[in-house]
Structure formats: structure tokens, C-alpha cells
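Numbering (my numbering), first residue to last: 2 to 156.
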Amino acid sequence: MLSKEEEEGVKARFENYIKKIINGSFLKGGIIDIDTGDLLCSSKDFNVCYVEYQEILNILNGSALIGFLLNGDRYYVTTSDDIRIHGKTALKSSGSTSTINGLQSVIIRRTKEKCVIGVFNENLTQESAEKTIEEIIDDITKLNKNENISNLIEE
Numbered sequence: 002m003l004s005k006e007e008e009e010g011v012k013a014r015f016e017n018y019i020k021k022i023i024n025g026s027f028l029k030g031g032i033i034d035i036d037t038g039d040l041l042c043s044s045k046d047f048n049v050c051y052v053e054y055q056e057i058l059n060i061l062n063g064s065a066l067i068g069f070l071l072n073g074d075r076y077y078v079t080t081s082d083d084i085r086i087h088g089k090t091a092l093k094s095s096g097s098t099s100t101i102n103g104l105q106s107v108i109i110r111r112t113k114e115k116c117v118i119g120v121f122n123e124n125l126t127q128e129s130a131e132k133t134i135e136e137i138i139d140d141i142t143k144l145n146k147n148e149n150i151s152n153l154i155e156e
């Protein structure tokens, strides 16, 4: 269990990750605790409800879902494996809670205990988006070796 001071340090670090996502030209993003589904930190107007969290987990655990909801918007899976999901929206979402204006993409990348999510539009290249998310993942795993996913790390 973390001390109050350590918890504040972790929260500040997560807030810096969200700033990096937004400053990296993402529209919005967040970090989820994989075990509980809690949203640890997020940008303005970004939320992940329990059903959305479950869909993300199902895809990461090998389910062949072709789509998922995130922040009230429908995304179609373009690629996925046990550590990442890439998705795109249709041009216009019909959901009543939709926040989409045009085509958007999402990258979801996990560590052992966290999921980093970034939503972006066509102004940001896929490569640039992946680089930003990977830098955050690298930082998380360097600061806490328990975040490494051991079956994917070559010894």
C-alpha cells in the first residue's frame, strides 16, 4: 500500500502523462486500472464506463469483437493483440452521447496493470500517435518493473 505522499506522486505522474497525450495533438485520453476498471486520470470530457471497460478487456483477452464503445462513441477494431488495440470511428456517430466530429482513431496500449488510451483525428499520424503512447508505456514500466508483461519480454 502506498503512503499518501507516494499516491500524490503517482497521481501527478499520471496527470503529466495526460498532458503529454493532449500536448501530443491527441483529442483526449485516459489511463485505466486494468484490475478495477477505475479511470486513474483523464483529459477533460473523457470517461470510460464499466461496459466499455469490459469490451476493451475482452478484446485484449482475445475476443474477436469487431467494435467497441469508448467515451460513448463506437470504434471499429482495425488491429488488436494482447497488449494493444487500434480502432477507428465511422465518419459520423449516431449515439446520443457522441463527441465525434469527423473520423477519429484510438490507440489503447496496456501494461500489466494499466491501460493508456489516446484518441486522435487525421491531423496526427498513426506513427506519431504510437510513439507518444509508447513513450508513456516505457516510462510506466521503467518506474515500476511490475508493470512489464513478462510473457512478451525477451530474457
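The beta-carbon is built from N, C-alpha and C at its ideal position, and this holds for glycine as well.
With residue i and residue j assumed to form a contact (beta carbons below 8 Å), what rounded beta-carbon distance in angstroms separates them?
| i | j | result |
| --- | --- | --- |
| G31 | C42 | 6 Å |
| T112 | I86 | Not quite, the Cβ-Cβ distance comes to about 14 Å (not below 8 Å), so this is no contact. |
| L58 | N48 | No, L58 and N48 are not in contact; Cβ-Cβ is about 17 Å, not under 8 Å. |
Who pairs with residue i in a beta bridge, going by DSSP?
| i | result |
| --- | --- |
| I32 | C42, V117 |
| S4 | DSSP output for S4 lists no bridge partner at all. |
| R75 | L70 |
| S26 | S26 pairs with nothing; no bridge assigned. |
| T80 | H87 |
Which same chain residues end up closer than 7 Å to residue i when comparing Cβ atoms and leaving out the 5 residues on each side of it in sequence?
| i | result |
| --- | --- |
| L104 | K89, T90, L92, N122, E123 |
| E131 | I108 |
Could you pull the start and end residues of the beta strand (DSSP E) that residue i belongs to?
| i | result |
| --- | --- |
| L71 | 68–71 |
| I86 | 85–89 |
The alpha helix (DSSP H) with residue i in it runs from where to where?
| i | result |
| --- | --- |
| T142 | 127–144 |
| I109 | Run containing I109: none in the alpha helix (DSSP H); it sits in the beta strand (DSSP E), 105–111. |
- Query: Touch check for the segment 135–144 and the segment 6–22: three-plus C-beta pairs under 8 Å?
  - Reply: Two segments are said to touch when three or more pairs of C-beta atoms, one from each, lie closer than 8 Å; by this definition the segment 135–144 touches the segment 6–22.
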